[in-house]
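Residue numbers (full-length UniProt numbering): 1 to 160. Reviewing the structure listed below.
Quick look at the structure:
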């Protein structure tokens, strides 16, 4: 996590600005930096119960030109996918009361969402379990991760 903070601090020195909108209490969306066309930006949906991780990932992704929608609860993830039409979903494996791998499986086995790329964030020791199941995620982001690792995985999945 220290590496992530260091990278975020270094990245922040570029003084990339963004606007924050509070939506429905705990859920928020960040509008990407000025000068980037709205229609060209890919939309990323982040679901994580850790507010700090949401803020860090949102800052990094927004500063790199992505639209980000995030929330703390995966209970309405399918409704959110249907309404916001994200290009990528990033799920934390540790969501309270829900199995993120099962959520991923439901996304990947649904004919309407099967082509939606999913990245799961998890500790290194759980990689085999995540990738060796029916409806596995498209990629895994190992915690702790660096800014470059996050951007590389997102870019790779969006290019596929």
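Note that the Cβ used here is the ideal one computed from N, Cα and C, for glycine as well.
Practice task
Pull up the CB-CB distance for residue 74 and residue 98, whole angstroms please, since I reckon it's below 8 Å.
Solution key: So it is a contact: roughly 5 Å between Cβ atoms.
Exercise for the section: Could you check which residue in 80, 123 and 132 has the C-alpha nearest to that of residue 102? Expected result: Looking at the Cα atoms, 132 is the closest of the given residues.
Problem - First through last residue of the beta strand (DSSP E) which encompasses residue 43 - result: Note, residue 43: beta strand (DSSP E), 43–47.
Practice task
Find the nearest neighbour of residue 143 within the set 121, 157 and 135, judged by alpha-carbon distance.
Solution key: Cα-wise, what sits closest to residue 143 is 121.
Practice task
Could you spell out the range, first to last residue, of the alpha helix (DSSP H) harbouring residue 114?
Solution key: From DSSP, residue 114 is part of no alpha helix (DSSP H); its letter is neither H nor E.
Exercise for the section: Please classify residue 153: does DSSP put it in a helix, a strand, or coil? Expected result: Per DSSP, reduced to three states, the secondary structure at residue 153 is helical.
Practice task
Out of 77, 64, 124 and 112, point me to the one whose CA is closest to residue 90's CA.
Solution key: Each of 77, 64, 124 and 112 was checked against the Cα of residue 90, and the nearest Cα belongs to 77.
Exercise for the section: Could you tell me which uninterrupted alpha helix (DSSP H) segments, each at least 4 residues in length, are contained entirely in the segment 44–125, listed from first to last along the chain? Expected result: Look at the segment 44–125 and you find these whole runs of alpha helix (DSSP H), each 4 residues long or longer: 51–63, 77–84 and 100–109.
Handout entry: Option in 106, 104, 108 and 113 with minimal Cα separation from residue 83
Key = The shortest Cα separation from residue 83 among 106, 104, 108 and 113 belongs to 113.
Problem - Endpoints, the beta strand (DSSP E) within which residue 134 is located - result: Per DSSP, residue 134 belongs to no beta strand (DSSP E) and is neither H nor E.
Problem - Contacts around residue 43, its chain only, beta-carbon distance under 6 Å, and the 5 residues preceding and following it disregarded - result: Answer for residue 43: 67, 86 and 87, listed in chain order.
Handout entry: Inter-residue spacing [alpha-carbon to alpha-carbon] between residue 4 and residue 55
Key = Note on residue 4: pLDDT 48, under 50, position unreliable in the model; the coordinate value appears next. Straight through space, the alpha carbons of residue 55 and residue 4 are spaced by roughly 12 Å.
Exercise for the section: Figure out for me which residue from 140, 135 and 48 has the closest Cα to the Cα of residue 96. Expected result: Among 140, 135 and 48, the Cα nearest to that of residue 96 belongs to 48.
Problem - Pair within 8 Å by beta-carbon distance, residue 149 and residue 158 - result: Not closer than 8 Å, so no.
Exercise for the section: Please go through the same chain and pick out, in chain order, the residues whose beta-carbon is closer than 6 Å to the beta-carbon of residue 24, but skip the five residues on each side of it. Expected result: Note that residue 24 has pLDDT 47, beneath the 50 cutoff, so the model's placement of it is unreliable and no number is given.
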